[in-house]
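Residue numbers (the working numbering): 614 to 814.
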């Protein structure tokens, strides 16, 4: 059984802070590796996009197929990145909960922590950032997320829409409506990682 399964299967007071911190560091390293893979794919996409500027339609169609393939690779990496980021937020916030365990046990929030369904508790900790917060702020953060209805956005995107987006971007560059750098940003997936970085900072 993995450390995450162990964490999910045990109450907070049975968890070991040192092991939680080790798992936090492991996940952080994996997230950084995933980020580098995505950045490498995004660079390939940008280089390939430049090749399509001014090219004939056949060349653009060929490049669009190659770019869609790279886009699928990037989406897969993004999904893995998002999953690991959720796991990281869960474990990172658990570390904070453990640090304030003594104080939390004296508050009404402890009853919520110990009685809530494990999956709901995990979702609650995924959707809050307790790092660097005072006890009062941690308490407020926990109370807020326990009452939130949680939803997950989809990263799915049709390949037809992808091709149209690429052709529109090339057309925009060729007509002078936008520059190459702006067009590359339109087809980049790195903004999804940047948003997660802002949430976790």
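All C-beta atoms, glycine included, are put in the ideal place defined by N, C-alpha and C.
None of the values given here were measured: they were computed from a predicted structure.
In the DSSP assignment, residue 737 falls within the unbroken alpha helix (DSSP H) covering 731 to 739.
Residue range 670 to 712 is occupied by the alpha helix (DSSP H) that includes residue 671. An exposed status is given to residue 732, since fewer than 16 other beta-carbon atoms sit within 10 Å of its beta-carbon. Three or more Cβ pairs closer than 8 angstroms define a contact, and the region 671 to 691 meets that threshold against the region 652 to 660.
By the neighbour-count criterion, in which a residue is buried when 16 or more other Cβ atoms sit within 10 angstroms of its Cβ, residue 644 is buried.
A contact between stretches requires three or more CB pairs, one per stretch, nearer than 8 angstroms, and the region 715 to 734 meets this requirement with the region 743 to 755. Residue 737 is positioned such that its CB atom lies closer than 7 angstroms to that of residue 758. For the options 793, 783, 801, the alpha carbon positioned closest to that of residue 674 is the one of 783.
The distance from the Cβ of residue 679 to that of residue 661 is about 6 angstroms, consistent with a contact at the 8 angstroms cut-off.
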